[in-house]
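Student:
2 protein chains.
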Amino acid sequence: MDKKYWVPALEKSNLVLQAISEQPSSLKLIDLSKRLGINKSSMFSLLATMEALDWVVREEDATYSLGSKLGYIGNAFFKQFSLIDRFRKEASVTKHVIKETIQLAKLERNEVLYLAKEEMPSPVRLSSEPGIKYPAHATALGKAMLAWVAEPELGALYASETLDPCLTPHTLQQRSDLIRQLEDERLRVRLAGSGHGLLLCGCSGSFRQREGRRGDQLLHVPARMGGEAGAGPA
Amino acid sequence: MDKKYWVPALEKSNLVLQAISEQPSSLKLIDLSKRLGINKSSMFSLLATMEALDWVVREEDATYSLGSKLGYIGNAFFKQFSLIDRFRKEASVTKHVIKETIQLAKLERNEVLYLAKEEMPSPVRLSSEPGIKYPAHATALGKAMLAWVAEPELGALYASETLDPCLTPHTLQQRSDLIRQLEDERLRVRLAGSGHGLLLCGCSGSFRQREGRRGDQLLHVPARMGGEAGAGPA
DNA sequence: AACCTTGGTTTGATATACAAAACCAACTTC
DNA sequence: GAAGTTGGTTTTGTATATCAAACCAAGGTT
Chain A
1 MDKKYWVPAL EKSNLVLQAI SEQPSSLKLI DLSKRLGINK SSMFSLLATM EALDWVVREE
61 DATYSLGSKL GYIGNAFFKQ FSLIDRFRKE ASVTKHVIKE TIQLAKLERN EVLYLAKEEM
121 PSPVRLSSEP GIKYPAHATA LGKAMLAWVA EPELGALYAS ETLDPCLTPH TLQQRSDLIR
181 QLEDERLRVR LAGSGHGLLL CGCSGSFRQR EGRRGDQLLH VPARMGGEAG AGPA
Chain B
1 MDKKYWVPAL EKSNLVLQAI SEQPSSLKLI DLSKRLGINK SSMFSLLATM EALDWVVREE
61 DATYSLGSKL GYIGNAFFKQ FSLIDRFRKE ASVTKHVIKE TIQLAKLERN EVLYLAKEEM
121 PSPVRLSSEP GIKYPAHATA LGKAMLAWVA EPELGALYAS ETLDPCLTPH TLQQRSDLIR
181 QLEDERLRVR LAGSGHGLLL CGCSGSFRQR EGRRGDQLLH VPARMGGEAG AGPA
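So the sequences go chain by chain: A and B.
If you're matching positions, the first sequence starts at 1 in UniProt numbering and goes up one per residue.
If you're matching positions, the second sequence starts at 1 in UniProt numbering and goes up one per residue.
1) Does the beta carbon of G142(A) come closer than 8 Å to any beta carbon on chain B?
2) Got a sec, what are the start and stop residues for the beta strand (DSSP E) L135(A) sits in?
3) Please work out which residues of its chain come closer than 7 Å, Cβ to Cβ, to L53(B), disregarding the five sequence neighbours upstream and downstream, and give them in chain order.
4) G74(B) to L17(B), Cα distance in whole Å?
5) Looking at chain B, which residues of the stretch 114 to 138 of chain A have a Cβ within less than 7 Å of any of its Cβ atoms?
6) For P130(B), which of helix, strand or coil comes out of DSSP?
7) Taking only runs of the beta strand (DSSP E) that begin and end inside the UniProt domain "HTH iclR-type" (7 to 68) of chain B, which ones reach a length of at least 3 residues, in chain order?
8) Among the residues of its own chain, which have a CB less than 6 Å from the CB of A147(A), if the five just before and after it don't count?
9) L115(A) and P130(A) - do their beta-carbons sit closer together than 8 Å?
10) Given a cut-off of 8 Å on the beta-carbon distance, is the pair Y5(B) and S82(A) in contact?
11) Which residues, in chain order, does the stretch 17 to 35 of chain B contribute to contact with chain A at a C-beta distance below 7 Å?
12) Could you tell me whether the stretch 86 to 98 of chain B touches the stretch 149 to 166 of chain A, using the rule of 3 or more Cβ pairs below 8 Å?
13) Considering Cα atoms alone, identify which of R109(B), G155(B), M120(B), L113(B) is closest to K99(B).
14) Looking at the C-beta of S160(A), does it have a partner C-beta in chain B at a distance below 8 Å?
15) Using DSSP bridges, identify the partner residues of E111(A).
16) What in chain A is Cβ-close to residue 256(B), meaning under 7 Å?
17) Taking Cβ to Cβ, would you say V7(B) is nearer than 8 Å to A136(A)?
18) Looking at chain B, which residues of the stretch 64 to 82 of chain A have a Cβ within less than 9 Å of any of its Cβ atoms?
19) Use the C-beta contact count for P144(A): other C-beta atoms within 10 angstroms, 16 or more gives buried, fewer gives exposed.
20) Note down the Cα distance separating T101(A) from K79(A), rounded to an integer number of angstroms.
21) Show which residues of chain A have a CB atom less than 7 Å away from the CB atom of A48(B).
22) Less than 8 Å between CB atoms is the rule here; does L10(A) satisfy it with respect to chain B?
23) Please check the pair L36(B) and L15(B), which I expect to be a contact at CB under 8 Å, by giving their CB distance rounded to whole angstroms.
24) Measure from the alpha carbon of S26(B) to the alpha carbon of each residue in V57(B), D2(B), M50(B), then state which is nearest.
25) Are the C-beta atoms of F87(B) and some chain A residue less than 8 Å apart?
26) Under 8 Å between the Cβ atoms of S166(B) and Q174(B)?
27) Determine, using beta carbons only, whether Y72(A) and S42(B) come nearer to each other than 8 Å.
28) Take I132(A) and list the residues in its own chain whose beta-carbon comes closer than 8 Å to its own, dropping the five residues that flank it on each side.
29) Please state whether DSSP places T101(B) in a helix, a strand or coil.
30) With S92(B) and S92(A) assumed to form a contact (beta carbons below 8 Å), what rounded beta-carbon distance in angstroms separates them?
31) What residues of chain A sit near S92(B), judged by a beta carbon separation below 8 Å?
32) Quick one: what's got a C-beta closer than 6 Å to L178(B)'s C-beta in the same chain, skipping five residues either side?
33) Is it right to say S128(A) is buried, meaning 16 or more other beta carbons lie within 10 angstroms of its own, or is it exposed?
34) Look at the Cβ atom of K12(B), then the Cβ atom of I38(B), and state whether they are nearer than 8 Å.
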C-alpha cells in the first residue's frame with residue numbers, strides 16, 4: 001500500500017473500529033492498545049476524539065462499543081443500493097419457501113460484496129455479513145456470479161494462473177480450475193434450470209440486475225444449494 | 001467541546017463522511033475542500049487514505065461515495081440491538097394493518113436514537129434514518145418515551161427551564177410545557193389505550209423493553225398518530 | 001496559438017501530533 | 001502498612017503531518 005500521502009490517524013482508527021466491531025463491549029483502552037500495537041497515550045487521544053464524534057461509546061465498565069454516527073453512515077452506505085429493499089421484501093417470503101438463508105451480493109471486480117441477508121435457522125452459520133467482502137473465487141456465490149462475466153473481462157481480472165488469496169484448504173488455487181467450475185456452473189444452469197445463483201421467486205427480470213451507473217452485477221442466492229455449504233470462504 | 005487530547009484528522013474525516021453520506025456520488029475533492037474549509041492538499045491525503053481503507057470509493061467521474069468498510073461497521077453497530085430483528089418481523093406486518101411507517105427508537109438520556117424503520121408510502125416524508133439522533137423533547141416519539149421516565153431522572157435530564165436546542169418553530173422551549181405534554185401523553189394512554197407510543201400488535205410484553213445492560217428504553221411507534229405529522233423534529 | 005481557469009498532485013518549511021516518560025488513583029499482594 | 005501492579009491521564013521534546021505554495025494536465029476562452 002502506497003503511503004506517500006497517508007494519514008496515520010485514520011489507519012489507527014480503522015483498526016480500532018474493526019476490533020470494536022468484532023468484539024463490542026469487550027475491549028478497554030489498554031486492551032486495544034496492546035492488541036493493536038498503538039501507544040496508550042495515542043489510544044487515549046484517539047478514543048477521546050472518536051467518543052466525542054459518536055463513533056464509539058464508552059460503557060460504564062470502560063469497554064467500548066460502536067456509536068450511532070457509524071450506524072448513520074453505515075445506513076447511508078446501504079441506501080445507495082435500491083435493490084436491497086426489493087430484496088428484503090422478496091427474500092423475507094422466499095426464505096420460508098426454500099427454508100434457506102438468502103443473501104444479496106454484488107460483484108466488484110474479483111471480489112464479492114455482501115449487501116443484505118435474510119436468515120433462516122440453519123446448522124450452517126454463515127460468516128458473511130452485510131458490508132463484508134470476499135474474493136469471488138473463494139466463495140460459491142462469487143463463482144456463481146463470475147460464471148456470467150464476459151471472457152475478456154474475466155481474463156483481465158485473473159491475469160495470472162495462481163489465484164490469490166487462498167483462504168481455506170478448499171479454496172481454488174489455479175485459474176484453470178476456476179474456469180472449469182464456471183463452465184460447470186453455466187452448464188448446470190442451462191440443463192437443470194437451477195444453479196447456485198438462480199433467483200427462486202420466479203421474477204426472472206430481476207435475476208441479474210444492473211445497479212447504479214457502475215453497472216456492477218447484483219445477485220441473491222440461497223446459502224446452501226448444489227451441495228456446497230455456506231456462502232463464506234470455501 | 002474539549003479539544004485537549006484531540007485528533008484533528010478524525011474530525012476532518014468525520015465531516016467528509018457526513019457530507020458524502022448526505023450527497024453520495026455528487027462531491028469531488030475540490031467540492032469537499034471548499035464546503036468543509038479543509039485545505040485541498042489535506043483533503044487529498046484524507047481521501048487517498050479513506051479510499052485505501054475502503055471508507056469511501058472514488059467514482060469514475062471523480063466524485064466520492066461511501067465504501068463497504070463503513071457498511072460493515074454500520075452493520076456491526078445495528079447488530080448490537082437484538083430487538084431490531086424482532087421489530088422488523090413484527091412491523092413489516094403491522095405497517096400494512098395501520099398503513100403507517102413504523103420506527104424503532106431508543107431513548108439515550110435526552111435524545112432519541114432511531115434504530116430501524118419499516119416504511120409505507122406516505123405524503124409525510126420522515127427525515128429520521130437509522131443511526132440518527134434527535135433531542136427527545138423535539139420529536140413526538142421522543143416525548144412519548146419521556147412520558148415514562150421516572151420524575152427524578154427527568155429532572156436531572158432537564159435541569160434548566162429553557163430547552164435546547166430549538167429545531168423548528170414548533171419545538172418546545174419551556175420545561176413546564178414539556179412536563180404538561182408528558183402528563184397529557186400518560187393520560188391519553190390511560191384513558192384511551194392509545195398514545196403515540198403504544199405498540200399495536202398486541203404483544204404488550206414488548207411495549208417498553210429494556211435492551212442490553214445499559215437499561216435504555218426501546219420503543220417503536222407509527223409515524224403519524226394523534227394528529228402530529230412526522231417523527232422528525234417538531 | 002496564447003492565455004486563463006480548474007481540479008488535482010507534489011514539495012518542503014514549520015507548526016503540531018505522537019509517544020516515551022512521568023504521574024495518578026485504585027486495587028492487589030505480601 | 002508498604003510495596004507492587006494495573007489502567008488511565010498528563011507532560012513535553014522531537015519526529016512528522018499539515019498546508020501554503022508551486023506545479024501539472026486538461027479544458028475553456030479570446
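Even for Gly, the Cβ is constructed at its ideal location relative to N, Cα and C.
Tutor: Working from what's here:
1) no
2) Here residue 135(A) is Pro; the residue named in the question, Leu, does not match the sequence. Per DSSP, P135(A) belongs to the beta strand (DSSP E) from 133 to 135.
3) K69
4) 13 Å
5) E129, P130, G131, I132, K133
6) coil
7) 56 to 58, 64 to 66
8) L182, E185, R186
9) yes
10) no
11) L17, S21, P24
12) no
13) M120(B)
14) no
15) E108(A), P135(A)
16) Since the first residue shown for chain B is 1 and the last is 234, residue 256(B) is missing from the structure and cannot be characterised.
17) no
18) S65, L66, G67, S68, K69, L70, G71, Y72, I73, G74, N75, A76, F77, F78, K79, Q80
19) Per the sequence shown, residue 144(A) should be read as Ala rather than Pro. Buried, because 16 or more other Cβ atoms sit within 10 Å of the Cβ of A144(A).
20) 22 Å
21) Y5
22) yes
23) 5 Å
24) V57(B)
25) no
26) In the sequence as displayed, the identity of residue 166(B) is Cys instead of Ser. The answer is no: Cβ separation not under 8 Å.
27) no
28) L113, Y114
29) coil
30) 7 Å
31) S92
32) H137, L172
33) buried
34) yes
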